[in-house]
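Protein sequence lines correspond, in order, to chains A and B. For the first sequence, this note's numbering gives the first residue as 1, with consecutive numbering after it. For the second sequence, this note's numbering gives the first residue as 1001, with consecutive numbering after it. Contents: one structure, followed by commentary.
2 protein chains.
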Amino acid sequence: MKKLIINLAPTGMIPTKEITPHIPIHPQEIIKDVLHCSSMGASMIHIHARDSKGLPTYHKEIYAKIISGIREKRPDLIIVASTSGRNFPEFKQRSDVLQLEGDLKPDMASLTLSSLNFMQSASVNSPDMIMQLAKEMKEKGIKPELEVFDMGMVNYAKYLIKKGLIDPPYYFNILLGNIASAQSTLQEAGLILSSLPQNSIVSLTGLGASQKEMNGLGVIFADGVRVGLEDNIWLSKEENKLATNSNLVERVIKIANSLNRPIASANEVRELLGLDN
Amino acid sequence: MKKLIINLAPTGMIPTKEITPHIPIHPQEIIKDVLHCSSMGASMIHIHARDSKGLPTYHKEIYAKIISGIREKRPDLIIVASTSGRNFPEFKQRSDVLQLEGDLKPDMASLTLSSLNFMQSASVNSPDMIMQLAKEMKEKGIKPELEVFDMGMVNYAKYLIKKGLIDPPYYFNILLGNIASAQSTLQEAGLILSSLPQNSIVSLTGLGASQKEMNGLGVIFADGVRVGLEDNIWLSKEENKLATNSNLVERVIKIANSLNRPIASANEVRELLGLDN
């Protein structure tokens, strides 16, 4: 069995301390969660930065603090920076983190493959913006994390491949269960997984309550899973139990153990994705 | 076999006279195409207005000219007005056509169920905008034409149903083949059709070259098809043959005849959808 890639998304843009006290917001909190979860088996880290008020920010200086704090202890981990445009629509803002250099440069950065609606608002990623971000990543040697929320985003990835804007192997993150995107069903997951281009490495997650099931499906049928409080704050909503990032990673590890699936180390994932050591 | 609903989309927002001389732009041209195509069997008419320069416009005065011209000859036809926000983002603009009253009021209006990317640009339909448009339509007694480009938009329709914002029977238009949405494959069409809520009446089309195949699939498996130059300007791209709206409707009629499927009259569709006679 191929080794499982565990991609941790510890923070995201939405959860606040009011929503869950377990959400890491301050760089030091994020670094602490990341180091603990990676000691358990997380190899890729999808980070979002927050400002001193706890609000999402695009400023590369805050990303730099998080990245240097992680790399001081674990230079092997694969760091994926968010380029989300939900709160910052301009290219200059979204690509700020791509300007970090040397030891601070992220290994990868998120590239959402279309515009979509979340529960409260639209997330606009125009064709031009996607292509500009892809070009900038290619120029900087930062590998895109291709974010797919619905069928058509896979098709758009194929279009970017045809245009030479992204290079193999393609790392896809399939996020199911958003209100206006594909749902966490076996049919939808199956159709999306089966439509990926050759040379794809794919990670699966469910948003909210379906994170557990989609992580389970990912352990069985995908190269990896994405897990963390960005996508789901509950360990058990029925029992009103909030999760920590460690709880969620632990659950994935238990599923993998129960299915006898080994966990990939960060260096093994680097090799698989063709990233520098 | 249930009678087939033919929904004609004669104009759209993109084609110009430079792209195809057959595109009806001026109200008189649109009226002429509509009357001819409805004499062949089109019962629903999805209209977009253009200004005197041929550019898309939201102004209800131009919609009024088209609607009165059609109704003078064919008051039975079901008229669906576009509320597209691709060029006009404000609610006041998008809902302008919903303010027409009496004999000028459209029977239905388009409601696209999420934000999405087309080839050149994003089409932003935020959750707030969708809900505002749905409320306005409900208040005015205008039935929504639910536009679905990808899986998740069906889920959002279910959310609107739960919120009481749209009423049965639900009229869905499934448009496949957009660059960043679901493609014109049997799997994707099948999954979307099978995920529709109960009490749905569904029409199918493919954008561009796949219009023919998706119309064929619609004749076999759906309640209706959408057809017209808005979605596809070619009769045969290989032979470099541009289509007219009549050509495209004729092709649907031939497919239906060959499969022995009868065509629904406008009054039969009115009854099916619960629209006033």
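Ideal placement from N, C-alpha and C gives every residue a C-beta, glycine not left out. Everything numeric in this text was worked out from a predicted model, so none of it was measured.
Interface with chain A (8 Å Cβ-Cβ cutoff): residue 1156 (chain B) is included. Taking 8 Å as the threshold, the shortest C-beta distance from residue 124 (chain A) to chain B falls below it. Residue 1213 (chain B) has a beta carbon lying at 8 Å or more from every beta carbon in chain A. 1178, 1179, 1180, 1181, 1182, 1183, 1187, 1188, 1191: these are the residues of the stretch 1168 to 1192 of chain B whose beta carbon lies less than 8 Å from some beta carbon of chain A, given in chain order. Nearest CB-CB separation between residue 1114 (chain B) and chain A: below the 8 Å threshold. Of all residues in the stretch 122 to 150 of chain A, only 122, 123, 124, 125, 126, 127, 128, 129, 130, 149, 150 place a beta-carbon less than 9 Å from a beta-carbon of chain B. For the pair residue 187 (chain A) and residue 1057 (chain B), the Cα-to-Cα distance works out to about 40 Å. About 10 Å separates the CB atoms of residue 36 (chain A) and residue 8 (chain A); that is not less than 8 Å, and the two are not in contact.
Contact check between the stretch 79 to 96 of chain A and the stretch 260 to 277 of chain A: fewer than three CB pairs, one atom from each, fall below 8 Å, which does not count as touching. Residue 1026 (chain B) and residue 1161 (chain B) have their C-alpha atoms roughly 37 Å apart.
Counted as a single uninterrupted DSSP element, the beta strand (DSSP E) harbouring residue 1227 (chain B) occupies residues 1224 to 1227. Its Cα nearest to that of residue 119 (chain A), the residue B:1115 stands out among B:1121, B:1207, B:1115.
Between residue 1117 (chain B) and chain A, the shortest Cβ-Cβ separation is below 8 Å. Ranked by Cα distance from residue 1204 (chain B), the first of B:1197, B:1223, B:1155 is B:1223. Each residue's CA atom was taken as its position, placing residue 87 (chain A) and residue 1130 (chain B) some 20 Å apart. Under the 10 Å beta carbon count, residue 1168 (chain B) is surrounded by fewer than 16 other beta carbons and is classified as exposed. With fewer than 16 other beta carbons inside 10 angstroms of its own, residue 257 (chain A) counts as exposed. Under the Cβ distance rule, residue 159 (chain A) counts among the residues neighbouring chain B, one pair being separated by less than 8 Å. Under the three-state reduction of DSSP, residue 171 (chain A) is assigned to strand.
Taken atom to atom, the span from the alpha-carbon of residue 1099 (chain B) to that of residue 1042 (chain B) is near 26 Å. Residue 1013 (chain B) places its beta carbon less than 8 Å from that of residue 1048 (chain B). When rounded, the separation of the alpha-carbon atoms in residue 1218 (chain B) and residue 200 (chain A) is 33 Å.
The stretch 162 to 181 of chain A makes contact with the stretch 124 to 144 of chain A; the number of CB pairs closer than 8 Å reaches 3 or more.
Per DSSP, residue 250 (chain A) is one residue of the alpha helix (DSSP H) stretching across 245 to 258. With respect to chain B, the C-beta atom of residue 93 (chain A) has no partner C-beta closer than 8 Å.
In the DSSP assignment, residue 55 (chain A) falls outside any alpha helix (DSSP H), carrying neither H nor E. With respect to the C-alpha of residue 172 (chain A), the residue from A:185, A:196, A:179 having the closest C-alpha is A:196.
Contacts with chain A at 8 Å (Cβ-Cβ) do not include residue 1013 (chain B).
Under the DSSP assignment, residue 1130 (chain B) falls in the alpha helix (DSSP H) whose first and last residues are 1127 to 1140. When C-alpha distances from residue 252 (chain A) are compared across A:215, A:91, A:243, the shortest belongs to A:215. DSSP places residue 1218 (chain B) inside the alpha helix (DSSP H), whose first and last residues are 1211 to 1221. By the 16-neighbour rule on beta-carbons within 10 angstroms, residue 1015 (chain B) is buried.
Short of 8 Å from the beta carbon of residue 65 (chain A), and not among the five residues preceding or following it, lie these beta carbons of its own chain, in chain order: 27. The beta-bridge partner set that DSSP reports for residue 205 (chain A) consists of A:175. Counting of Cβ neighbours within 10 angstroms places residue 1198 (chain B) among the exposed residues, the total staying below 16.
Under a criterion of Cβ atoms nearer than 8 Å, no residue of chain B is adjacent to residue 85 (chain A); the nearest Cβ is some 11 Å distant.
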